[in-house]
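Asks:
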Amino acid sequence: MNTIEPPDVFFIQDTSRHGTCCAAIIAGNIVPADFFNLKHGRARGGVTGSRIASYKVGTTDSDLDFGYATSKAISTATEDGVDILSISGSIRIIDEQTDKKRRPHSYMEDQISIGTVYPTLKGILCCLSAGNIGGIGSVGNGAPWALCVGACNSKTTFSTKVNLGGRRLPVKGFSINTFERTGLCPPILAINGKIHRSGPLDPKKVAGKIVVHKTVTNGRDAKVARAKGIIIIDSCDSRSFYEVFPLPAAKVTKKDVERILNYMKELSESAKAEILTSEQAVNKKNEFPVLSSHSSKGPSRYTEHFIVPYVCAPGDELLSESPETVSASKLDCDDRRSRYTIISDTSFATAVVSSVAAYVKSVHKSWSAAAIKSASMTTGTQPILEKNANDVYGIGNGMINPIGAADPGLVYDIDRIHYARLLLGLEDFEGEKAIQAFFDRDEIISVGESIPPWDFNLPSLGISIPNTQSTCVFNRTVKNVGKGGLPVTYTAEVSVPESPQVTVTPKKLIFKEYNEEKTLKVKVVVTDWRQAKANAFSGVLAWKSLRRNYRVRSQILIKIRKDD
């Protein structure tokens, strides 16, 4: 399910390649693939034997309301009998006071959140992209009944060198530049190459030169003005959002652009620079997997008690299929065409996770959406490396493990009544009236009391509490779905910083039957809030079984509440 730009709402062909890329990542056949000799090899989707049902929705800029269209597509897909829903998009609504677009403030305002309740109750796992804003609290789809996906980098990356004249050390840029090296030519600041201060670039000033941009640009202006290439400052100083431009281009960090600017100032009119063709490289051990800087982080705007995104997957520099009607840079000034492209986005990380979910569903056809979600979250064998303290809000349970997800050992399953109890406990829902659309009368009668968000049976343990509170308790239920002989014993292992004291009761779980369930409590006592990093303590609870080498991993995140 993919968003597109108007006026192509009702045009069935993919005009933006977003949907084609997602579909190919999920279920593409095994084919030789190549993007202008820069990245090549055999490409394949995660589950090549699966079938794709594609639903095209519009944007709020079009005549067709995006929220309504997405909700309708979710409903149609559910009735069509899909097994997994992959949704790469988030809702914007019109604020009644300002008449401007904004993100929803509650589940009830978010048509994707509300729309995914019904398919979840029917056993359809909904995989949702976290978003590409990158900041804390910017996550777009944090509904606890769905699987929100963040993006990390890939094993391979690209380097685009910028040579400076006079035998200066080259600058290591980052982009996806398939053009031949430009050769040495004069650099010029974009501000000095404009017709007037707020106008376009002047071909008379920039033709045959490399334009240095201090602001974000897609390169269209420079291409039209016949510039030789562009150098762009990456304002985030991140090296995780590589782009394709319509002319030779390199993004550089603030530190490196200072070298270029000082060089230009020193040599003035005799300064020369050239942009080389990108080269593929393998990320070092301490550089993979790392959370993508553009991947939106939690906590959710609706409730801070869930660790969203719930899981991460590679979403940067992925080779995927592209319609040949779309140019390499997606700009009309670019005449390059290819059957394949290199893309970066949480949308494509979501497609990776959707393919894993589809694979698990093909192995375990009777599993619920919650069981598949649990298997996808708890089996990550490679935790995301934290480059800064805030990354804890974006890594979830770590990087997904496709093979492990099919045999998780234990799952945190959820039945319909448990979902109803959660909905009743959420502030956005108004008691029984709000859940009547999802549950019949007998179910509502048997619901009983609501549960707080931190007791929802997720495979992660998250809560937001005031710094005047030192103790919190999580209640969980796990189900034995592991292979091998019975009985089987799982032992709790906890890894946390020194300050929080974590007690698991019981410490051992002994299962004598397949599908047998056991309840447990996790008590966390914070002894010193001053030791918190980024206003939170994080850790890991893992259930280990030596018999089958299972390790069922759950992230712990105790956060100081905002209003305290």
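My numbering puts the first residue of the sequence shown at 43, with every later residue one more than the last. Using N, Cα and C, we set each Cβ at its ideal position, and we do this for glycine too.
1) Mapping the DSSP letters down to three states, classify L464 as helix, strand or coil.
2) Using three-state DSSP, classify N174 as helix, strand or coil.
3) Check each candidate in F579, A232, D457 and name the one with the smallest Cα separation from P245.
4) If you follow the alpha helix (DSSP H) that R483 is part of, which residue opens it and which one closes it?
5) Compute the distance between the beta-carbons of Y149 and D470, then report whether it is under 7 angstroms.
6) Under DSSP, the beta strand (DSSP E) around S128 begins and ends at which residues?
7) Label D105 either buried or exposed according to how many other C-beta atoms from any shown protein chain fall within 10 Å of its C-beta, with 16 as the threshold for buried.
8) Would you give the residue range spanned by the alpha helix (DSSP H) that D263 belongs to?
9) Per DSSP, F200 is paired with what?
10) Between the C-alpha atoms of A95 and G241, what's the straight-line distance to the nearest angstrom?
11) Does DSSP classify Q597 as helix, strand or coil?
12) Just to confirm the assignment: which complete beta strand (DSSP E) runs, minimum length 3, are found wholly within the stretch 318-384?
13) Tell me which residue opens and which closes the alpha helix (DSSP H) that E302 is part of.
14) Compare the C-alpha of D497 against each of E559, V564, S117 and name the closest.
15) For H255, count neighbouring C-beta atoms within 10 Å of its own C-beta (all shown protein chains included) and say buried if the count is 16 or more, exposed if not.
16) Here's the rule I'm using: 16 or more other beta-carbon atoms within 10 Å means buried, otherwise exposed. How should V368 be labelled?
17) Within 10 angstroms of the Cβ of L211, are there 16 or more other Cβ atoms? Answer buried if so, exposed if not.
18) In chain order, which beta strand (DSSP E) runs of at least 3 residues are fully inside the stretch 206-278?
19) Give me whichever residues DSSP pairs with F516 in a beta bridge.
20) What do you get for T295, buried or exposed, if any count of 16 or more other CB atoms within 10 angstroms of its CB means buried?
21) Between K575, C227, A249, L226, which lies nearest to G235 when the distance is taken from Cα to Cα?
22) Would you mind giving the Cβ-Cβ distance between G2 and Y344, rounded to the nearest angstrom? I have them listed as a contact below 8 angstroms.
23) Would K521 be called buried (16 or more neighbouring beta carbons within 10 Å of its own) or exposed?
24) Output the distance between the C-alpha atoms of T62 and V536, rounded to the nearest integer angstrom.
25) In terms of residue numbering, what span does the beta strand (DSSP E) encompassing I72 cover?
26) The alpha helix (DSSP H) with L163 in it runs from where to where?
27) Since N499 and Y454 should fall inside the 8 angstroms C-beta cutoff, what is the C-beta to C-beta distance between them, to a whole number of angstroms?
28) Please report the straight-line C-alpha distance between G524 and S416, rounded to a whole angstrom.
29) Take I487 as the anchor and find which of R463, C227, K143, I426 has the nearest alpha-carbon.
30) Looking at the structure shown, is A576 part of a helix, part of a strand, or coil, going by DSSP?
31) First and last residue of the alpha helix (DSSP H) that includes A399?
32) Mapping DSSP to helix, strand and coil, what is F498?
33) Check the DSSP bridge columns for V453 and list the partner residues they point to.
34) T423 lies in the alpha helix (DSSP H); which residues open and close that run?
35) Just to confirm, are I218 and V286 a CB contact at a threshold of 7 angstroms?
36) The alpha helix (DSSP H) that contains E121, what's its start and end?
Replies: To lay it out plainly:
1) Here residue 464 refers to the residue found at position 422 when the sequence shown is read from its first residue. It is helical.
2) As a first step, residue 174 is located in the sequence shown; it is residue number 132 there, counting from the start. Coil.
3) By 1-based counting over the sequence shown, the position of residue 245 is 203. The shortest Cα separation from P245 among F579, A232, D457 belongs to A232.
4) On the sequence shown, residue 483 is found 441 positions in, with the first residue counted as 1. The continuous alpha helix (DSSP H) containing R483 extends over residues 483-489.
5) Working through the sequence shown from its first residue, we reach residue 149 at position 107. Working through the sequence shown from its first residue, we reach residue 470 at position 428. Less than 7 angstroms divides the Cβ of Y149 from the Cβ of D470.
6) Residue mapping note: residue 128 aligns to position 86 of the sequence shown, counting from 1. Residues 126-129.
7) Taking the sequence shown and counting its residues from 1, the one referred to as residue 105 is at position 63. Its pLDDT being 41, under 50, D105 is placed unreliably by the model, and the measurement read from it follows with that caveat. D105 should be labelled exposed.
8) If you number the sequence shown from 1, residue 263 lands on position 221. First-last of the alpha helix (DSSP H) with D263: 262-266.
9) On the sequence shown, residue 200 is found 158 positions in, with the first residue counted as 1. Residue pairing by DSSP places F200 opposite Q322 in a beta bridge.
10) To locate residue 95, count along the sequence shown from 1; it is residue 53. To locate residue 241, count along the sequence shown from 1; it is residue 199. Using only the alpha carbons, I get a separation of about 45 angstroms.
11) Indexing the sequence shown from 1 puts residue 597 at position 555. Collapsing the DSSP output to three states places Q597 in a strand.
12) Unbroken beta strand (DSSP E) stretches of 3 residues or longer found wholly inside the stretch 318-384: 321-324, 353-356, 360-363, given in chain order.
13) Here residue 302 refers to the residue found at position 260 of the sequence shown. The sequence given here has Ile at residue 302, not Glu. Where I302 is concerned, the enclosing alpha helix (DSSP H) stretches over 296-309.
14) The sequence position of residue 497 within the sequence shown is 455, counting from 1. The residue with the shortest Cα to Cα distance from D497 is V564.
15) By 1-based counting over the sequence shown, the position of residue 255 is 213. By the Cβ-count criterion, H255 is buried, with 16 or more other Cβ atoms from all chains shown falling within 10 Å of its own Cβ.
16) For the purposes of this step, residue 368 is identified with residue 326 of the sequence shown, where counting begins at 1. Looking at its Cβ environment, which holds 16 or more other Cβ atoms inside 10 Å, V368 is buried.
17) As a first step, residue 211 must be located in the sequence shown, where it is residue number 169. Its Cβ having fewer than 16 others within 10 Å, L211 is exposed.
18) Segments of the beta strand (DSSP E) lying fully in the stretch 206-278: 213-215, 229-231, 252-255, 271-275.
19) Here residue 516 refers to the residue found at position 474 of the sequence shown. Paired residues: V564.
20) Translated into positions along the sequence shown, residue 295 becomes position 253. So T295 counts as buried.
21) Stepping through the sequence shown from its first residue, residue 235 is reached at position 193. Out of K575, C227, A249, L226, the CA that lies nearest to the CA of G235 is found in A249.
22) Here the chain comprises residues numbered 43 to 606, so residue 2 is not present and cannot be evaluated.
23) Position 479 of the sequence shown holds residue 521. Buried, since its Cβ has 16 or more Cβ neighbours within 10 Å.
24) Indexing the sequence shown from 1 puts residue 62 at position 20. Indexing the sequence shown from 1 puts residue 536 at position 494. For T62 and V536, the distance between alpha carbons rounds to 42 angstroms.
25) Position 30 of the sequence shown holds residue 72. Run containing I72: none; DSSP gives neither H nor E here.
26) If you number the sequence shown from 1, residue 163 lands on position 121. In the DSSP assignment, L163 falls within the alpha helix (DSSP H) that extends over 159-163.
27) The sequence position of residue 499 within the sequence shown is 457, counting from 1. The sequence position of residue 454 within the sequence shown is 412, counting from 1. A Cβ-Cβ distance of about 5 angstroms is found for the pair N499 and Y454, placing them in contact under the 8 angstroms criterion.
28) Sequence index remark: in the sequence shown, residue 524 carries index 482 (1-based). Sequence index remark: in the sequence shown, residue 416 carries index 374 (1-based). Each residue's alpha carbon lies about 13 angstroms from the other.
29) For this step, residue 487 is matched to residue 445 along the sequence shown. Ranked by Cα distance from I487, the options R463, C227, K143, I426 are led by R463.
30) Within the sequence shown, numbered from 1, the residue matching residue 576 stands at position 534. In the structure shown, A576 sits in coil (DSSP, three-state: anything other than H, G, I, E or B).
31) Residue numbering aside, residue 399 sits at position 357 when the sequence shown is read from its first letter. A399 -> alpha helix (DSSP H) spans 388-405.
32) Counting from one through the sequence shown, the residue named residue 498 turns up at place 456. F498 falls in the coil class under three-state DSSP.
33) Position 411 of the sequence shown, counted from the start, is the residue given in the question as residue 453. Among the bridge pairs identified by DSSP, V453 is matched with K521.
34) On the sequence shown, residue 423 is found 381 positions in, with the first residue counted as 1. Membership of T423 in any alpha helix (DSSP H) is not indicated, and neither H nor E is assigned to it by DSSP.
35) To locate residue 218, count along the sequence shown from 1; it is residue 176. To locate residue 286, count along the sequence shown from 1; it is residue 244. With a cutoff of 7 angstroms on beta-carbon distance, I218 and V286 are scored as near each other.
36) As a position in the sequence shown, residue 121 is number 79, starting the count at 1. It spans 108-122 - the alpha helix (DSSP H) in which E121 sits, taken as one unbroken run.
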